[in-house]
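What follows is a single structure, written as structure tokens, with notes after it.
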């Protein structure tokens, strides 16, 4: 969520590159109870603990974007293999670039 909605957007803006349309919708596994709906429990800890908690093997170094993507995909693959259906995005960007689907923070 932070990677697409924050880091990637800022980097592309800095380089005057439009956000590719494939990044205007996404599913947040951890913060939208998707993980909980399937596994019956909240995800605890960071990505590594989540990967290992579903019986998958952690690979690589944490906080490397590509490696984190591979490890996240392991969770998604296992969810699909055990019957979960992803039916809609939980987060995204409106055409004007404003995010939708995230909880409002207390200011």
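Residue numbers (the working numbering): 188 to 294. Virtual Cβ for every residue (Gly too), placed ideally from N, Cα, C. Since the structure is predicted, the reported quantities are computational estimates derived from the model, not experimental observations.
Residue 212 and residue 276 do touch by the CB rule: their CB atoms are close to 4 Å apart, below 8 Å. Between residue 216 and residue 254, the C-beta spacing is not below 8 Å. The beta carbons of residue 281 and residue 287 sit closer together than 8 Å.
For residue 199, the enclosing alpha helix (DSSP H) begins and ends at 196 to 201. Spanning the alpha carbons of residue 259 and residue 252 requires a straight line of approximately 10 Å. A straight line joining the alpha-carbon of residue 205 with that of residue 198 spans about 10 Å.
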